[in-house]
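Visitor:
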Amino acid sequence: MVNTVSVVKVDLPAEIFDAEVNIPLIHQVVIAQQAAARQGTHATKTRAEVRGGGRKPYKQKGTGRARQGSTRAPQFAGGGVVHGPQPRDYSQRTPKKMKAAALRGALSDRARNERIHVVDSLVTGDKPSTKGALTSLFALSDRRKFLVVLERADSITWLSLRNAPEVHIVAVDQLNTYDVLASDDVVFSKAAFDLFVSGGGTTEAAEKPAKAEKAEKVEKAEKPAKAEKAEKPAKAEKAEKPAKAENADAEEDN
């Protein structure tokens, strides 16, 4: 069965496939991506960690030799390692906007050199076929290193190309700068291309689900008005105190 690839003509959005190529930015993002892939599990033993060496090899004085305290010192074969590598994390923090800008630059470079392809399908029929899928790819370009971008649900194409050494497959939400630069041509399936351009193909561009609107608060029932307190009876006015008797007449003259 001969596979015939059906190339789809699409408009490449200028904001993605005609962006400025920033070489230093792309270099920084690629270096960070390679650093994050390092395991960082390397380890060496110091003189305190190697086995043996607890006994002094010979006496301190009288031998004519340099004094030594252990056969596991760094200058001995089988001794500890000085300043050797220890487990560490090599990953670098790269802002999402920098990653997105570097990816746009890499894709723009491939688009300007006509190395971006969009196809309906690489496999004809319902069964996986590595031979048929490779025939379709080689019909697109004479170059022999392809990056194929697929939807996760496209299991037939995944199974057809997963063992092909000339092909690297990535899901559309995992498309990255390094893989684009490491391949000669980038081949999108039509479904993956539409998803990528719409913004749903990358975790950075994916729209956040809208938050459910909060249910309107039920208006609180009005509290019953408090019974008015009975008015206190007015206090009886105090009886006016009798005016003090005028001061007694001045004392009679003695």
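The numbering of the sequence shown is our numbering, which starts it at 63 and goes up by one.
Glycine included, every Cβ here is placed at the ideal spot set by N, Cα and C.
Because the structure is a prediction, the values reported are computed rather than measured.
1) Is it true that the CB of D80 sits closer than 8 angstroms to the CB of A163?
2) Tell me which residue opens and which closes the beta strand (DSSP E) that L212 is part of.
3) Please classify D73: is it buried, with 16 or more other beta-carbons within 10 angstroms of its beta-carbon, or exposed?
4) Among the residues of its own chain, which have a CB less than 8 angstroms from the CB of Q122, if the five just before and after it don't count?
5) Could you check what DSSP says for D235 in three-state terms: helix, strand or coil?
6) Would V242 and F258 qualify as a contact pair, given that the criterion is a beta-carbon distance under 8 angstroms?
7) Just to confirm my understanding: we take R100, look at its own chain, exclude 5 residues before and 5 after, and list those with CB closer than 7 angstroms. What are they?
8) Using a 10 Å radius around the Cβ and a threshold of 16 neighbouring Cβ atoms, would you call A215 buried or exposed?
9) Quick check on the burial criterion: 16 or more other C-beta atoms within 10 angstroms. Buried or exposed for A76?
10) Tell me, which residues are paired with I178 by DSSP?
11) Look up H230 in the DSSP assignment and say whether it is helix, strand or coil.
12) State buried or exposed for I85, treating a residue as buried only when at least 16 other CB atoms are found within 10 Å of its CB.
13) Taking just the CA atoms, how far does K107 sit from G146?
14) Which same chain residues, not among the five before or five after K207, have their C-beta less than 7 angstroms away from its C-beta?
15) List the residues that DSSP assigns as beta-bridge partners of V69.
16) Is R109 near G140, with beta carbons less than 8 angstroms apart?
17) Starting from the C-beta of R177, find all residues in its chain whose C-beta is less than 7 angstroms away, skip the five residues before and the five after it, and write them out in chain order.
18) Decide if S170 is buried, meaning its Cβ has at least 16 other Cβ atoms within 10 Å, or exposed.
19) Might you give, ordered along the chain, the residues of its own chain that have their beta carbon closer than 8 angstroms to the beta carbon of L196, omitting 5 neighbours on each side?
Guide: Result, derived from the coordinates:
1) no
2) 208-212
3) exposed
4) R129
5) helix
6) no
7) Y152
8) exposed
9) exposed
10) V248
11) strand
12) exposed
13) 8 angstroms
14) E228, S245, D246
15) V181
16) no
17) D246, D247, V248
18) buried
19) L223, A226, E228, V229
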